[in-house]
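In my numbering, the protein residues as written are 319 to 516.
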């Protein structure tokens with residue numbers, strides 16, 4: 319049965335995945351953090367690190383109160399922070415969008431999905447384990463696959479290749495725009511706009 323897109327699902331939390339610490343800044347795995355930082359600059363939530371293993375804060379974004387979260391548990395344990403914080407604030411996983419890197423998409427390709435499997439992404443697997451469902455929206459950002467035989471574990475922790483840096487910057491900017499679209503007009507409209515195949 320085809321997945322019916324629901325534009326009435328209100329996104330109440332935006333969660334960007336990454337690894338804390340300067341040594342991971344700019345790495346492919348930190349794409350989610352980069353996009354969250356741009357949204358934080360735009361909507362100015364007061365980010366704090368109390369109570370949960372995350373940097374988090376609320377702001378009015380596109381007309382409603384939205385929770386912004388950067389888990390500080392390291393990627394593979396993202397679900398520990400996410401499960402705790404959304405449960406505390408009474409936010410359903412269906413009203414959360416998770417922003418993350420994706421090896422299976424070509425560099426700079428965006429894909430918004432209403433739900434899905436982990437696709438080998440340990441941060442997403444951890445969230446699924448801790449919220450007991452795979453039924454939460456995601457914004458996936460393509461990082462492509464290693465070109466030079468690097469192990470995937472190393473590849474995701476390194477910055478984009480020099481020849482991909484402009485495409486990377488453009489993707490981060492477009493991902494911010496896609497999330498603003500999700501918040502403003504809903505998942506379906508944003509999917510129609512940003513899930514292009516070109």
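Note that CB positions come from ideal geometry on N, CA and C, so glycine has one too. Quantities reported herein were computed from a predicted structural model and do not represent experimental measurements.
Under the three-state DSSP convention, the category residue i falls into
i	result
residue 460	strand
residue 505	helix
residue 510	helix
residue 431	strand
residue 336	coil
residue 475	coil
residue 465	coil
residue 493	helix
residue 448	helix
residue 426	coil
residue 408	coil
residue 436	coil
residue 350	helix
residue 355	helix
residue 441	helix
residue 480	helix
Beta-bridge partners of residue i, as assigned by DSSP
i	result
residue 331	385 and 414
residue 420	460
Distance between residue j and residue i (C-alpha atoms, nearest Å)
i	j	result
residue 469	residue 463	10 Å
residue 467	residue 498	36 Å
residue 425	residue 483	10 Å
residue 461	residue 478	8 Å
residue 476	residue 465	13 Å
residue 397	residue 480	32 Å
residue 489	residue 459	7 Å
residue 444	residue 403	14 Å
residue 504	residue 323	10 Å
residue 416	residue 385	12 Å
residue 428	residue 329	18 Å
Local Cβ density within 10 Å of residue i, reported as buried at 16 or more and exposed below that
i	result
residue 502	exposed
residue 332	buried
residue 392	buried
residue 366	exposed
residue 378	exposed
residue 348	buried
residue 352	buried
residue 472	exposed
residue 491	exposed
TODO: Note down, one range per segment and in chain order, each beta strand (DSSP E) of at least 3 residues found wholly within the region 364–404.
DONE: 372–379 and 382–389
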